[in-house]
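In the numbering used here, the protein residues as written are 37 to 221.
We put the beta carbon where it would ideally sit given N, CA and C, even for glycine.
Heads up, the thing below is written out as structure tokens.
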């Protein structure tokens, strides 16, 4: 599932939740695992916030945490990376932790903040998965907060761990599962 499909699906889900009178912070984490062509696997855990959508993903490009915002990307928006963007996370009311991020445009021309340093992602994912009551997440530029959202902790542990497990399996596949290709000399 692409970020575009996920964002559109989550936007639809969020609209349905609003019409039903349910806050997005009450929404449980969602998990999806998809087998792609050529043996590639993509796993994604996501949660809908009040002003953004949080993702923990793993695919052939590695493990990453992303925050999709509703803000439109403009031609000058790439300069925002000079403002030291950070994804900020607070678990159960604790002081926030900041993770250096990079901003880019997603396929819907919205701003997507992400970081993909494997050790940092594992640390952040473990922190998010440890939440008991709530997860506050947002984007910080030049020390100012934007798109702050409250996420539910319901399902975070299991869904995020499933993504981490998928990544671990991709990193060290069983010998029985590895496909050998014949030499074409």
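What residues match up with residue i in a beta bridge as DSSP calls it?
i	result
residue 128	In DSSP, residue 128 forms no bridge with anything.
residue 133	125
residue 138	150
residue 83	90
Could you check where the beta strand (DSSP E) with residue i kicks off and where it finishes?
i	result
residue 68	66-71
residue 90	89-95
residue 172	170-177
residue 149	146-151
residue 187	180-188
With DSSP as the reference, label residue i as helix, strand or coil.
i	result
residue 77	strand
residue 108	strand
residue 166	coil
residue 63	coil
residue 115	helix
residue 160	helix
residue 101	strand
If I follow the unbroken alpha helix (DSSP H) through residue i, where does it start and stop?
i	result
residue 198	192-207
Report back the beta-carbon spacing between residue i and residue j to the nearest angstrom; my notes put them in contact at under 8 Å.
i	j	result
residue 189	residue 168	6 Å
residue 192	residue 165	5 Å
residue 87	residue 184	6 Å
Report task. Could you say if the segment 81-94 and the segment 126-144 meet the contact criterion of at least three C-beta pairs nearer than 8 Å? Result -> no
Query raised in the report: Would the segment 92-111 and the segment 137-146 be scored as touching if the rule is three or more Cβ pairs under 8 Å?
Result: yes
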